[in-house]
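These protein sequence lines map, in sequence, to chains A and B.
Our numbering numbers the first residue of the first sequence as 66 and each following residue consecutively.
Our numbering numbers the first residue of the second sequence as -4 and each following residue consecutively.
We put the beta carbon where it would ideally sit given N, CA and C, even for glycine.
Quick caveat: nothing in here was measured; it's all calculated off a predicted structure.
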Amino acid sequence: MNVKYIGLSEINGPLVALENVSGISYDEMAEIRLDDGTKRLARVVEVDKDRAVLQVFEGTKGLSLVNTTTRFEGRSMQLPLSTEMLGRIFSGAGKPIDGLGDIFPEKTADINGAPLNPVMRTYPRNYINTGISSIDALMTLIRGQKLPIFSGSGLSHNKLAVQIVRQAKIAEENGQDFAIVFGAMGVKNDVADYFRRSFEESGALERVVMFLNLSNDPIIERILTPKVALTCAEYLAFEHDMHILVILTDMTSYAEALREFSSSKGEIPGRKGYPGYLYSDLASIYERAGIVKGAKGSVTQIPILTMPNDDITHPVPDLTGYITEGQIVLDRNLDQTGVYPAVSVLPSLSRLMKDGIGEGFTREDHQMVSNQLFAAYAKVQDARSLASVIGEEELSATDKAYLEFGRLFEEHFINQGFDVNRTIEETLDLGWQLLSTLPKSELDRVDDEHLEKYYSAEKAAEYFGKDI
Amino acid sequence: MDVIYSINGPVVKVADTRTFAMQEMVYVGNKRLIGEVIRVESDFTTIQVYEGTTGLKPGEPVEATGAPMSATLAPGIITNIFDGIERPLRRLSEMSGAFIADGAAVDSVDTELEYRVYMNVSVGDHVSAGDIYCTCPETPVVEHRCMVPPLSKGGEVIWVAKNGDYKVTDTVVKIKDAQGRVEELSLMQKWPIRTPRPCKRRLPIDRPLVTGQRIVDTILPIAKGGTAAIPGGFGTGKTMTQHQLAKWCDADIIVYIGCGERGNEMTQVLEEFSELIDPRTQKPLTDRTVLIANTSNMPVAAREASIYTGITLAEYYRDMGYHIAIMADSTSRWAEALREISGRLEEMPAEEGFPAYLPSRISEFYERAGYVETLNGKEGSVTIIGAVSPQGADFSEPVTQNTKRFVRCFWALDKSLAYARHYPAINWNTSYSEYAEDLGAYYRAKVSDDFMEVRQEISNILVEENTLMEIVKLMGTDVLPDDQKLLIETARIVRVGFLQQNAYHKDDTYVPLEKQYLMMKMILSFYEKAKDALAEGFSASQILELGWAEKIIKIKYDIPNDKPEMFRDYELEMRADFEKLTGGADQ
C-alpha cells in the first residue's frame, strides 16, 4: 500500500478528510508528510466509500489543503515492543523521547488490544501489601485489580501513588520480576518530573516504563497514551511473566481529550458533553487489568483521576466507579487537617478484597475488623452531625465514645505519614485497639470468639494513654 | 454482490440495495463478522456489527443470511458461558486463545457431543407445536425436553428414531402435516431473539420466588414470573445482591446476563458457582446456570443483543415447564448501548441523549417475564431481576425512571447503608413490592396463618422509626420518652438482626422461610413484653439491661437453620427473664 495522496479536502480541528481514496480500512494508520519534511501520524476514524476522515495525532497546525502527502500504512496502530523498554521514556504515542534512540522491537502489537475472554481470566486473589493501614485493612489491593484513586486538584494523590509503588511488595513470591508502567495524560511537567524523581530515589527507575503526554502535548496523542501503556504492560506481564503495576494519571484529562475529539467530529453528546460511548471507551482501558489463565504475570491498575469540583457524581468518576473494582477516595477536609493519606474511608471500597483476605492471606479476623471499623466510623458521622446540632455536651455516653473513636481513628489509623510502612498484623492490631475504645456491646460485626481474643480496653487505654 | 459503502464504529452502511430485510442477520466483510440490519432506506441499508470493525474496508462483501438474529436452542446450553450473540466462550478460547478474535465462527452448542435420548412419541401419534417429542438429560439436574417448534403446523409422526445416543443435529423424528409436507426434527431449533416465544396463556401470579434473603422474602417479596429492578450507585452491592439471588433462589434454572460489566465478575461467578452446592439438588450450582457474558470491553452492539439472547434462552426452558430466573446486570449498560448505536445513526435524541424509543424497549423486555401455561400444557415462569446503574446515583435519570414504570418490585440500594456495610443495602423506606398482596395466600398456607400480619407489624416498626429519626437527628435519643426509645431499639433489632444479612456466613447466607418467620415473631414478642414491662412502670434502660436486644440480634448466627426448635427455648428464657424483672420488683 504505497500509494501517496497529495493534498487534503477538508481540515476541521484535529480531523482531516481525503477524497478519492481507495482500499482504506477502518482504524488504519497513515503518515502525513508536510512540505517542510516533518511527519505526522494519523488514524482513520470514518470511511465513506472513497472518502476517509483521519485524526491527526500531532494536531493540524500548519496543514493546508495542498501542502501534504498522505501515505496509508494498511494496518491499525502498532506499538513496537521489547524488554528494552524498561527504564525508557516514551511519548504518549509510544515514540522514544529520552534521546536514546529507537528500541529494537521483539514484536509489535495492536494498541487497541482485544477483549480478554472471561473464561480465560484467573480470578484475582493475592493481596498486595501496600503498608498503608487504611488501604490494607479497609480496601485491600489485590494483584490483578483495577483500583483507582479519586482525588481532587491539590490533594496528595501523587504522593500516595508513589508511596504505594515504593512499599507495595508486588512480587514477593519466588522472586518474580515486577515492573511499573507509568502513563501520564495531560499532567503538568512538574508532576511527571515528581514521579520520575521518586522512582529514581526508590531505585526503581530501571524497572519503569514511562509514557508521557504532558498538558501541552496534542490531545489526540493523549487518547492513545493509556492504550499504548497497557499494550506495553500486557506484553511484559503475559509474555515475560512480570507483575506489572500500571499507574495512569490523570484519567479526567483523558476523558476531556476524548470529549474534545468527539465534538470536533460532530458527534451527539451525552452527559456534560462527553460522548455517549465514554463508558465503553473507559472500559476498554480499565478492563485490561487482570490475570490470564496460564500466564505467570499480572496487570494491576491504579488509575488516578481528579474529580472536577470534588464532585463524585461527575461523569468521569461516576463511570469509572462502575467499571473499576472499587475506589480509593481522597477527602479535602481530612487533607486540610493534616491527615496523610487523606483517605475518605466510607465511600472507598475494594470489591475484590473479600476473596483475597482472611485466613491464608492476611489474618482470620480481617473481614470482621474491617466491617466493624466501617460500621463504627459510619456511626461517628451520625454522632458528629448530632453534636453539631445539640452540642457535644448533650450527647449520650455511647455517642461520646463514638466521637472519641472517630478522632483516634483519623489521627492514628488513617493518618500514617509518607515514610511509615506497617505490616498487616500491625494494622489489624491497631484496628482492634481502636475498637477497644468502644463499649463491647457496640461491636456487633465481630463474633464472640475474636472479641475475647483481641478486645482489650486496658491495652487501648495504655496505647492511646496520653490521648484519652 | 452487496458491498460495504461506509464504516463508522460498529455501524456499517451498504448503498443502493434491496437485498436486506429489517433485523436480518448478515455477514460483513472478508472476516465474516456478524451483523444485524437495523435500518433500510432506498439509498442505504444500515447494519450494526457485533464485532470489532477495525481493518474493515469499503468494497468488502456483505452477505445476507435470509434469517433474523436467532438463538440456537438445544441441549448443551446449561452450564455453558456465551457471549452476547450466543457464541460459547470456552470454544472461542480454544480457537483464538485468551483474547477474543474477530470473525470467529463457532457453533453455539457442541455438535459432536452425543446425548442419551428417550423418545416420547411413536409412529401414528399426532403432535402439534410445543409438544415434547423426546427428552435427554442435559445436566444431572436439568432434563432437556425437545419440543415441536412453536411455528410448526404439527402433524402425524411418520418416523421415530430408537432411544439411544444422538448428536444435537441428528434427525430423531419426522412428521407429516395435513398437506403432506414432511418436517424433520432434531434436538435443535432456532428462534429469533427479538420475538417473544408464544405460550398458551398467562396465568395469575401467586407463588413467590423464595430467595432465602430476609428483606426480600418478607418485606419486599418477588413472585415467580414477576419483575424486579435493583437500582443503585456504584459500590452499593447490586452485583452482590444479584449473586446472592442467583445462588439461592428456588428457580429451576438461572440465566445470568453480564451485560457490559466486569470480566472478573463473570470469572467469579464461574468459579464460585461450580464450587457451591445447591441445597435442593446437592449438585453444583453450575448445573442449573447459564451465563451470558458481554463484558464492558466487548463490542457494544453485542451488548445490546445479549439481553435478548438471554431472555430467549429463558423462554425456551420455560416452555419445557421450568421456572427460570434471569439476572440482568446491568440494564443501564444495555440502554447505553442503545444510546451509542442511536448516536451513530444520528437519530434525534430524547432525554440525556437516550433515543426516544428507550421506554418502549425497556417495557418490551420486562413484559417477556410471566407465569404461563405453555403450548404443551405445562406451567412455567420467567422472572426478571434487572440491575440498574443510575448515573451519579441519581434515580431521576431516564433508565431508572422508565424501568420503575414497568417493574412491580423496586429494590432501591442505598449508599449510606452500603457505607455502613449494611448488606443487602436495600433501603426499606424507598423500596416497594406490589406482589405482597398477590402472595399473601401462599405465605398463609405454607408458612403461617399470621405471616402477613407479622410482616406488617415489622414494617410498621420501621415506618415509625423513620418518623422518629427526624427528631433524633435534631435532638438525640435522650430526649425521647421511654416508649419511643423502646421503639427505636426494637427497630435497631429489626435492622441489624433481621434485615442485615451476612452473605459470607454459612447459615446466614440462606435462611429458610420458617426461620425468617420465627425471627420476626421473636422480635415482636420482645417488643410486646418490653411494652408490658414499660406499662408496669419499668424504665426502658431497665428493660434493655436484660440484654435481650443483643441476643436477638445474634440469633441469625446462634440458631442454625435446621434447629427451629431452639426458638422455643429462647422464648421461654426471655419470658423468664422478663418475669424476673417484673416479679422481682413486685416483691
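Between residue i and chain B, is the shortest Cβ-Cβ distance under 8 Å, so that the two count as touching?
i	result
residue 373 of chain A	no
residue 378 of chain A	yes
residue 428 of chain A	no
residue 445 of chain A	no
residue 298 of chain A	no
residue 74 of chain A	no
residue 181 of chain A	yes
residue 485 of chain A	no
Output, in chain order, the set of chain B residues within a Cβ distance shorter than 8 Å of residue i.
i	result
residue 251 of chain A	None at all; the shortest Cβ gap to chain B is about 23 Å.
residue 590 of chain A	Outside the displayed range of chain A (66 to 533) lies residue 590 of chain A, so it cannot be described from this structure.
residue 336 of chain A	347, 348 and 386
Hey, does residue i have any beta-carbon neighbour from chain A nearer than 8 Å?
i	result
residue 558 of chain B	no
residue 37 of chain B	no
residue 582 of chain B	Bear in mind that a pLDDT of 44 at residue 582 of chain B, under 50, signals an unreliable position, so the model cannot answer this.
residue 258 of chain B	yes
residue 268 of chain B	no
residue 398 of chain B	no
residue 545 of chain B	yes
residue 271 of chain B	no
residue 344 of chain B	yes
residue 389 of chain B	yes
residue 229 of chain B	yes
residue 85 of chain B	yes
Whole angstroms is fine: what's the gap from residue i's alpha carbon to residue j's?
i	j	result
residue 434 of chain A	residue 496 of chain A	7 Å
residue 460 of chain B	residue 469 of chain B	14 Å
residue -4 of chain B	residue 318 of chain B	46 Å
residue 162 of chain A	residue 46 of chain B	35 Å
residue 446 of chain A	residue 172 of chain A	55 Å
residue 69 of chain A	residue 132 of chain A	13 Å
residue 101 of chain B	residue 104 of chain A	43 Å
residue 360 of chain B	residue 370 of chain B	21 Å
residue 136 of chain B	residue 250 of chain B	15 Å
residue 478 of chain B	residue 529 of chain B	7 Å
residue 500 of chain B	residue 205 of chain A	20 Å
residue 280 of chain B	residue 378 of chain B	18 Å
residue 91 of chain A	residue 109 of chain A	6 Å
residue 66 of chain A	residue 92 of chain B	Residue placement at residue 66 of chain A is flagged as unreliable, the pLDDT there being 48, under the threshold of 50; a coordinate-derived value is accordingly withheld.
residue 576 of chain B	residue 452 of chain A	34 Å
residue 218 of chain B	residue 476 of chain B	41 Å
Listing by chain order, which chain A residues have their CB less than 8 Å from the CB of residue i?
i	result
residue 77 of chain B	Those do not exist, as residue 77 of chain B stays about 10 Å from chain A at its closest Cβ, beyond 8 Å.
residue 335 of chain B	341, 342 and 345
Starting from the C-beta of residue i, find all residues in its chain whose C-beta is less than 6 Å away, skip the five residues before and the five after it, and write them out in chain order.
i	result
residue 344 of chain A	384
residue 503 of chain A	466 and 470
residue 176 of chain A	142, 144, 292, 293 and 296
residue 528 of chain A	498
What residues of chain B sit near residue i, judged by a beta carbon separation below 7 Å?
i	result
residue 177 of chain A	49
residue 324 of chain A	Ordered by position in chain B, no residue passes the 7 Å Cβ test against residue 324 of chain A, which lies about 13 Å from the chain.
residue 581 of chain A	As shown, chain A starts at 66 and ends at 533. That puts residue 581 of chain A outside it, with no answer to give.
residue 436 of chain A	416
residue 189 of chain A	259
Short of 7 Å in beta carbon distance, which residues of its chain neighbour residue i, apart from the five on each side in sequence? Order them along the chain.
i	result
residue 294 of chain B	5, 45, 46 and 47
residue 582 of chain B	Note that residue 582 of chain B has pLDDT 44, beneath the 50 cutoff, so the model's placement of it is unreliable and no number is given.
For residue i, I'd like the list of residues in its chain whose CB is within less than 8 Å of its CB, leaving aside the five on either flank, ordered along the chain.
i	result
residue 117 of chain B	152 and 155
residue 507 of chain B	207 and 556
Counting only Cβ pairs nearer than 7 Å, list the residues of chain A close to residue i.
i	result
residue 292 of chain B	180, 348, 349 and 352
Run down chain A in chain order and give the residues with a C-beta less than 9 Å from the C-beta of residue i.
i	result
residue 96 of chain B	179
Checklist entry - Do the region 354 to 372 of chain A and the region 177 to 194 of chain A touch if we need at least three Cβ pairs shorter than 8 Å? => result Taking a cut-off of 8 Å on C-beta distances, the region 354 to 372 of chain A touches the region 177 to 194 of chain A, as three or more cross pairs fall below it.
Item to check | Segment contact flag, the region 312 to 325 of chain A with the region 245 to 254 of chain A, C-beta cutoff 8 Å, min 3 pairs | outcome: The count of Cβ pairs closer than 8 Å, one atom from the region 312 to 325 of chain A and one from the region 245 to 254 of chain A, reaches three, so the stretches are in contact.
Checklist entry - Within the chosen definition, does the region 388 to 397 of chain A reach the region 178 to 185 of chain A through at least 3 CB pairs nearer than 8 Å? => result Cβ pair count under 8 Å is below three, so no.
Checklist entry - Counting Cβ pairs, one atom from each stretch, are 3 or more of them under 8 Å apart for the region 192 to 205 of chain A and the region 479 to 496 of chain A? => result Three or more Cβ pairs closer than 8 Å define a contact, and the region 192 to 205 of chain A meets that threshold against the region 479 to 496 of chain A.
Checklist entry - Touching or not, the region 365 to 373 of chain A and the region 212 to 226 of chain A, by the rule of three or more beta carbon pairs under 8 Å? => result The region 365 to 373 of chain A, when compared against the region 212 to 226 of chain A, does touch it at the 8 Å Cβ threshold.
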